[in-house]
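The structure appears right after this line, and notes come after that.
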Amino acid sequence: MEIFGIPSQALFGQLLIGLINGSFYALLSLGLAVIFGLLNIINFSHGAQYMMGAFAAYLSLQWFSLNYWAALVLAPVVVGAIGALIERTMLVRLYKLDHLYGLLLTFGLALIIQGLFRNAYGASGMPYAVPEVFMGAVDLGFMFLPKYRAWVIVASMLICFATWFVIERTKLGSYLRAATENPSLVQAFGINVPRMITLTYAFGVGLAAIAGVMAAPIYQVSPMMGADIIIVVFAVVVIGGMGSIMGAILSGFGLGLIEGLTKVVYPEASNTVIFVIMVMVLLIKPAGLFGTEK
Amino acid sequence: MNNPTVSSQSLRHQWVAFALMIAFFAIAPYFVYPIFLMKVMCFALFACAFNLLLGFGGLLSFGHAMFFGTAGYAAAHASKVWGWNPEFSVLFAALSSTALAWVVGLLAIRRQGIYFAMITLALSQMVFFVFLQTPFTGGEDGIQGVPRGLLFGLFDLSDNTAMYLFVMAVFIAGFALVWRIVHSPFGQVLKAIRENEQRALSLGYDTDNFKLIAFVLSGLVAGMAGGTKALVFQLASLTDVHWTMSGEVVLMTLVGGMGTLFGPVVGAAVIVSMQNYLAQLGSWVTVVQGLVFVVCVMLFRKGVIGEIASLLRKPL
């Protein structure tokens, strides 16, 4: 069977890979958007924290023989706690300065984290087994769908939707959105804004860690795994605009799919297609597809 | 950002510092390995170019390696394949990165602040992939064995002394250009935009145009540095286009003092020597660089020259 002259197996296979990559883009850009919304900084160490999530899964298996599910809960808590510590001790001192300092600080932290992990574990990747429940694949008739990949797509969609729901539809979320608009007024209403900022940062970082755990069985666990993906995620964020949570999610999945499609149609451009789209978006709608800047 | 304001009054102390700097680079090769000093000068010029944008224009480009690296490939190709003289190779390199900067600048100035940093980073990653895949760059191997050639067809630059003088000439020319730009009326408007873009706009300045010109000029000077570096090391490789290189130039400027004239030179000297002495420690270099970043941002935002300048109460 062929679609547009492309074997359907290859097409669906690449679309699936695209959707998987898109799940990670969505989770990561969502975390960036949540952090940016309240803290007004771009968390450059997001890729390093994603890597820490993957390592948390790997190490908890090695050291304590904790399985995938335990890691899925533990990793975001541990990495989020480290994030909270970073926010309390360092980022908090930079809020009154130019926002660029936050970017520079988190870039430095990313270098430290990635360097430390590379010293300890070398540059090569380490395999992490797919949890037993998700071994094997389902035959969908037109293609084989590995169960674990299906799980990643479903789980990341659920996490994204839950995050969107909390921020856009609950009381806690309304505090958060209010604090984004006017922190001092929200503080005057008796809400502990500094604590909310810390928790928001920890939450955003936790999302990156969850993405890391989910990525561990698909990509290998390696110290530099977050370094390149985060640049693509920055492009995704520029395309989607950071103003809206849903925008971050949709552009994450959408661009993953487009990237997958490019791998079938014109593989040479698959590395650059997202950046090319970023250029086009900047030319046509500089604020981003879902952005409302100014 | 917190910079000592540059007054247009007497700039004698800057001339003194300039003379000291030239004297240092003239005497140093008698004591220090010349190749190392040439590397310092190339990176110093690169950092000056970057600082023109960040320190004086308030624009943080996180992809400046694309200009440095592109120029390196251009110079290496012109020199090796076309057999051009070094002066034309470096000129061609500077023009290539200027052209690239014009295109990138047009796109990047459409967004401000943090977005500007992300866009330049993403675009430089795109340039990285393009160079990785284009045949003429030699992929992972880079362009190796680039001949240094005969300067003006007369002086053989394979002699390190001649090469040193050439690099020094390029460095001083580039530095003088940045210096002139900073003190020109154009530079003053640029600083006004850094301090308050809305206000500059309301005074009738086409701020986008000023930012674009600053970006292009920065790309030009970065290209002079990148092209020269390719000739010094007779190599153009992907390292110079990678985002880590963009991070390094930010670090150099931060350590030396952003918004100061001589800061980037000092910063480049510090970082390049650090890399040299820590080279045997492998990936600890990255950790140390990260630590320097964190310390600078948290405690030492003015940088070396910035601190000295505020002690002297004079802009340097």
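Keeping their order, the protein sequence lines are chains Y and U.
Residue numbering for the first sequence follows this note's numbering, starting at 1 and increasing by one per position.
Residue numbering for the second sequence follows this note's numbering, starting at 1001 and increasing by one per position.
Beta carbons are placed, not taken as given, at the ideal position from N, Cα and C, and that holds for glycine.
Task: chain U within 8 Å of GLN187 of chain Y, Cβ atoms only - done: As a working mapping, residue 187 of chain Y is identified with position 187 in the first sequence. No, GLN187 of chain Y lies away from the interface with chain U (no Cβ there is under 8 Å from its Cβ).
Task: ALA144 of chain Y - containing beta strand (DSSP E), residue span - done: Here residue 144 of chain Y refers to the residue found at position 144 of the first sequence. Note that residue 144 of chain Y is Phe in the sequence shown, not Ala. Taken as a continuous stretch (DSSP letters only), the beta strand (DSSP E) holding PHE144 of chain Y covers 144 to 146.
Open item on the list: Does PHE1152 of chain U pass the burial test, meaning 16 or more other C-beta atoms within 10 Å, or should it be called exposed?
Closed with: Walking along the second sequence from the start, residue 1152 of chain U turns up at place 152. Exposed.
Open item on the list: Using only the alpha-carbon positions, how far apart do ILE113 of chain Y and PHE142 of chain Y sit?
Closed with: Residue mapping note: residue 113 of chain Y aligns to position 113 of the first sequence, counting from 1. Residue mapping note: residue 142 of chain Y aligns to position 142 of the first sequence, counting from 1. Cα to Cα, ILE113 of chain Y sits roughly 43 Å from PHE142 of chain Y.
Task: Proximal chain Y residues relative to ALA1236 of chain U, where beta-carbon distance stays under 7 Å - done: Counting from one through the second sequence, the residue named residue 1236 of chain U turns up at place 236. Result: empty, since nearest Cβ-Cβ is about 20 Å, beyond 7 Å.
Open item on the list: Using only CA atoms, which one of U:ARG1199, U:CYS1042 and U:PHE1025 lies nearest to VAL1221 of chain U?
Closed with: As a first step, residue 1221 of chain U must be located in the second sequence, where it is residue number 221. Among U:ARG1199, U:CYS1042 and U:PHE1025, the Cα nearest to that of VAL1221 of chain U is on U:CYS1042.
Task: Status (buried if at least 16 other CB within 10 Å, exposed otherwise) for PRO1086 of chain U - done: Locating residue 1086 of chain U in the second sequence gives position 86, counting from the first residue. Buried, since its Cβ has 16 or more Cβ neighbours within 10 Å.
TODO: Could you tell me the boundaries of the beta strand (DSSP E) in which VAL138 of chain Y lies?
DONE: Numbered from 1 along the first sequence, position 138 holds the residue referred to as residue 138 of chain Y. Segment 137 to 139, the beta strand (DSSP E) holding VAL138 of chain Y.
Task: For PRO183 of chain Y, the first and last residue of its enclosing alpha helix (DSSP H) - done: Taking the first sequence and counting its residues from 1, one reaches residue 183 of chain Y at position 183. Here the alpha helix (DSSP H) through PRO183 of chain Y covers 183 to 188.
- [ ] Can you say whether VAL101 of chain Y is buried or exposed, counting buried as having 16 or more other CB atoms within 10 angstroms of its CB?
- [x] The count along the first sequence starts at 1 and reaches residue 101 of chain Y at position 101. Inspection of the sequence shows that residue 101 of chain Y is occupied by Tyr rather than by Val. So TYR101 of chain Y counts as buried.
- [ ] Measuring only between beta-carbons, confirm whether PRO1199 of chain U sits less than 8 Å from chain Y.
- [x] In the second sequence, counting from the first residue as 1, residue 1199 of chain U sits at position 199. Looking at the sequence provided, one finds Arg at residue 1199 of chain U rather than Pro. No, ARG1199 of chain U lies away from the interface with chain Y (no Cβ there is under 8 Å from its Cβ).
Open item on the list: Given this structure, state the Cα-to-Cα distance separating ILE230 of chain Y from TRP1015 of chain U, to the nearest angstrom.
Closed with: Position 230 of the first sequence, counted from the first residue, corresponds to residue 230 of chain Y. Position 15 of the second sequence, counted from the first residue, corresponds to residue 1015 of chain U. Each residue's alpha carbon lies about 44 Å from the other.
Task: Contacts of ARG195 of chain Y in chain U (Cβ-Cβ under 7 Å) - done: As a working mapping, residue 195 of chain Y is identified with position 195 in the first sequence. In chain order: nothing, as chain U lies at least about 22 Å away.
Task: Supposed contact pair ALA56 of chain Y and VAL78 of chain Y - C-beta distance, whole angstroms, cut 8 Å - done: Locating residue 78 of chain Y in the first sequence gives position 78, where the first residue counts as 1. Locating residue 56 of chain Y in the first sequence gives position 56, where the first residue counts as 1. Yes, VAL78 of chain Y and ALA56 of chain Y are in contact; Cβ-Cβ is about 6 Å, under 8 Å.
TODO: Could you confirm whether any beta carbon from chain Y is found closer than 8 Å to the beta carbon of ALA1017 of chain U?
DONE: Locating residue 1017 of chain U in the second sequence gives position 17, where the first residue counts as 1. It does not; no Cβ of chain Y falls within 8 Å.
Open item on the list: Quick check on the DSSP output: what are the complete alpha helix (DSSP H) runs of length 4 or more inside the stretch 2 to 81 of chain Y, in order along the chain?
Closed with: 8 to 39 and 46 to 64
Task: Whole-angstrom distance between PRO1315 of chain U and VAL1006 of chain U, CA atom to CA atom - done: Position 6 of the second sequence holds residue 1006 of chain U. Position 315 of the second sequence holds residue 1315 of chain U. For VAL1006 of chain U, the predicted model reports a pLDDT of 48, less than 50, meaning its position is unreliable; a value from the coordinates is still stated below. Whole-angstrom Cα-Cα distance: 6 Å.
Open item on the list: Quick check on VAL236 of chain Y: does DSSP put it in helix, strand or coil?
Closed with: If you number the first sequence from 1, residue 236 of chain Y lands on position 236. If DSSP states are grouped into helix, strand and coil, VAL236 of chain Y belongs with the helices.
- [ ] Measure the alpha-carbon distance for PHE1141 of chain U versus VAL1032 of chain U and round it to whole angstroms.
- [x] Start at 1 with the first residue of the second sequence, and residue 1141 of chain U comes out as number 141. Start at 1 with the first residue of the second sequence, and residue 1032 of chain U comes out as number 32. The sequence given here has Asp at residue 1141 of chain U, not Phe. Going by the C-alpha atoms only, they are around 29 Å apart.
- [ ] Quick one: give me the first and last residue of the alpha helix (DSSP H) that GLY247 of chain Y is part of.
- [x] As a first step, residue 247 of chain Y is located in the first sequence; it is residue number 247 there, counting from the start. GLY247 of chain Y -> alpha helix (DSSP H) spans 245 to 265.
Task: Boundaries (first-last residue) of the alpha helix (DSSP H) holding GLY288 of chain Y - done: Taking the first sequence and counting its residues from 1, the one referred to as residue 288 of chain Y is at position 288. Premise fails: GLY288 of chain Y is in no alpha helix (DSSP H) and is neither H nor E.
Task: Where the alpha helix (DSSP H) containing GLN1133 of chain U begins and where it ends - done: Reading the second sequence from its first residue, position 133 is the one you call residue 1133 of chain U. Its alpha helix (DSSP H) spans residues 1113 to 1133.
TODO: Can you give me the start and stop residues for the alpha helix (DSSP H) that ILE1271 of chain U sits inside?
DONE: The residue labelled residue 1271 of chain U in the question sits at position 271 within the second sequence. Note, ILE1271 of chain U: alpha helix (DSSP H), 1263 to 1278.
Open item on the list: Contact criterion: CB-CB distance below 8 Å. Does ILE277 of chain Y meet it with respect to chain U?
Closed with: What you label residue 277 of chain Y is simply residue 277 of the first sequence in a count that begins at 1. For ILE277 of chain Y, the answer is no, since every Cβ of chain U falls outside 8 Å of its Cβ.
- [ ] Assign TYR58 of chain Y to one of two classes, buried (16 or more other C-beta atoms within 10 Å of its C-beta) or exposed (fewer than that).
- [x] Position 58 of the first sequence, counting from 1, holds the residue named residue 58 of chain Y. Per the 10 Å Cβ criterion, buried.
Task: Neighbour flag for MET1001 of chain U against chain Y, beta carbons, 8 Å - done: If you number the second sequence from 1, residue 1001 of chain U lands on position 1. At MET1001 of chain U, the pLDDT of 45 sits below 50, so the modelled position is not reliable and the matter cannot be decided from this model.
Open item on the list: Distance check for ALA162 of chain Y and TYR201 of chain Y, CA to CA, integer angstroms please.
Closed with: By 1-based counting over the first sequence, the position of residue 201 of chain Y is 201. By 1-based counting over the first sequence, the position of residue 162 of chain Y is 162. Approximately 17 Å, taken between the alpha carbons.
Task: MET126 of chain Y, DSSP secondary structure in three states - done: Taking the first sequence and counting its residues from 1, the one referred to as residue 126 of chain Y is at position 126. Strand at MET126 of chain Y.
Task: Beta bridge counterpart(s) of PHE1155 of chain U as assigned by DSSP - done: The sequence position of residue 1155 of chain U within the second sequence is 155, counting from 1. Its beta-bridge partners are U:LEU1151.
Task: Under 9 Å (Cβ pairs) to chain Y, residues found in the stretch 1283 to 1301 of chain U - done: SER1283, TRP1284, VAL1285, THR1286, VAL1287, VAL1288, GLN1289, GLY1290, LEU1291, VAL1292, PHE1293, VAL1294, VAL1295, CYS1296, VAL1297, MET1298 and ARG1301
Task: Distance between beta carbons of GLY1219 of chain U and THR1137 of chain U, contact taken as under 8 Å - done: What you label residue 1137 of chain U is simply residue 137 of the second sequence in a count that begins at 1. What you label residue 1219 of chain U is simply residue 219 of the second sequence in a count that begins at 1. Their Cβ separation, rounded to whole angstroms, is 19 Å, which puts THR1137 of chain U and GLY1219 of chain U out of contact at 8 Å.
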